[in-house]
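Colleague:
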Amino acid sequence: MKVTIKMNHSAINQLKNAALKSVEMTAEAVKTDIVTSQVVPKNVGELEKSAFVDTKKLNKKGVARIIYDSPYARRLYWHPEYDFRTDKNPNAQGKWMDSYIDGENKDFARNAFKKLYKQNAKGLIK
70 MKVTIKMNHS
80 AINQLKNAAL
90 KSVEMTAEAV
100 KTDIVTSQVV
110 PKNVGELEKS
120 AFVDTKKLNK
130 KGVARIIYDS
140 PYARRLYWHP
150 EYDFRTDKNP
160 NAQGKWMDSY
170 IDGENKDFAR
180 NAFKKLYKQN
190 AKGLIK
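Each residue of the sequence shown is one higher than the last, beginning at 70 in our numbering.
(1) If you run the structure through DSSP and keep just helix, strand and coil, what is tyrosine 146?
(2) Put arginine 154 into one of helix, strand or coil per three-state DSSP.
(3) Residues in the same chain with beta-carbon distance under 8 Å from leucine 116, minus the five sequence neighbours each way, listed in chain order, please.
(4) At the level of alpha carbons, what is the spacing between lysine 129 and alanine 87?
(5) Just to confirm the assignment, what range does the beta strand (DSSP E) spanning alanine 120 have?
(6) Pick helix, strand or coil for isoleucine 136, following the three-state DSSP scheme.
(7) Would you kindly report the start and end of the unbroken alpha helix (DSSP H) that includes leucine 89?
(8) Report the rounded CA-to-CA distance for leucine 84 versus leucine 193, giving the unit in angstroms.
(9) According to the Cβ coordinates, are phenylalanine 182 and threonine 101 closer than 8 Å?
(10) Which residues in the same chain as glutamate 150 place their Cβ atom closer than 8 Å to its Cβ, once the five residues preceding and following it in sequence are excluded?
(11) How should tryptophan 165 be labelled, buried or exposed, when 16 other C-beta atoms within 10 angstroms of its C-beta is the threshold for buried?
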């Protein structure tokens, strides 16, 4: 038996690029869902506005991170016992990203990535 394998490098590169683009878009989708869910503590909105998707490790490790870059973000995130005001964001809480890690939204990123990857692969994935 003889087997010949021909690699379609163009398609492989297209899939790699689609995966990286989909990771970034997934992180943006999660960030948007966090805003829509109104779980970030809010006084004037600076904490919520400080959020951005960091893609520094995207090309090397395929990782995108959501970062809240305000002086008090860490303090508010790690102290869910605080009595957060709920007049502007009714679901304000500490550890607002935990539901995406192991809570009710844990499949959100996976499902968003699958949809976006299929879309960005432009027909290479059925």
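Ideal placement from N, C-alpha and C gives every residue a C-beta, glycine not left out. All values derive from a computational prediction rather than experimental measurement.
Modeller: Straight from the coordinates:
(1) As a working mapping, residue 146 is identified with position 77 in the sequence shown. Helix at tyrosine 146.
(2) Counting from one through the sequence shown, the residue named residue 154 turns up at place 85. Arginine 154: coil per DSSP, three-state reduction.
(3) Counting from one through the sequence shown, the residue named residue 116 turns up at place 47. Cβ neighbours of leucine 116 beyond the five flanking positions: Val109, Pro110, Tyr137, Ser139, Tyr141, Ala142 and Leu145.
(4) Working through the sequence shown from its first residue, we reach residue 129 at position 60. Working through the sequence shown from its first residue, we reach residue 87 at position 18. Taking the straight line from one Cα to the other gives about 15 Å.
(5) Along the sequence shown, read from residue 1 onward, the residue named residue 120 stands at position 51. Bounds of the beta strand (DSSP E) holding alanine 120 are 120 to 123.
(6) The sequence position of residue 136 within the sequence shown is 67, counting from 1. Three-state DSSP puts isoleucine 136 in a strand.
(7) Against the sequence shown, residue 89 aligns to sequence position 20. Note, leucine 89: alpha helix (DSSP H), 78 to 106.
(8) As a first step, residue 84 is located in the sequence shown; it is residue number 15 there, counting from the start. As a first step, residue 193 is located in the sequence shown; it is residue number 124 there, counting from the start. Straight-line measurement puts the Cα of leucine 193 at about 8 Å from the Cα of leucine 84.
(9) Numbered from 1 along the sequence shown, position 113 holds the residue referred to as residue 182. Numbered from 1 along the sequence shown, position 32 holds the residue referred to as residue 101. No, the pair does not count as a contact, with Cβ atoms beyond the cut-off.
(10) Working through the sequence shown from its first residue, we reach residue 150 at position 81. Excluding five sequence positions before and after glutamate 150, the CB atoms of its chain that fall closer than 8 Å to its own CB belong to Gly163, given in chain order.
(11) What you label residue 165 is simply residue 96 of the sequence shown in a count that begins at 1. Counting Cβ neighbours within 10 Å, tryptophan 165 comes out buried, since at least 16 surround it.
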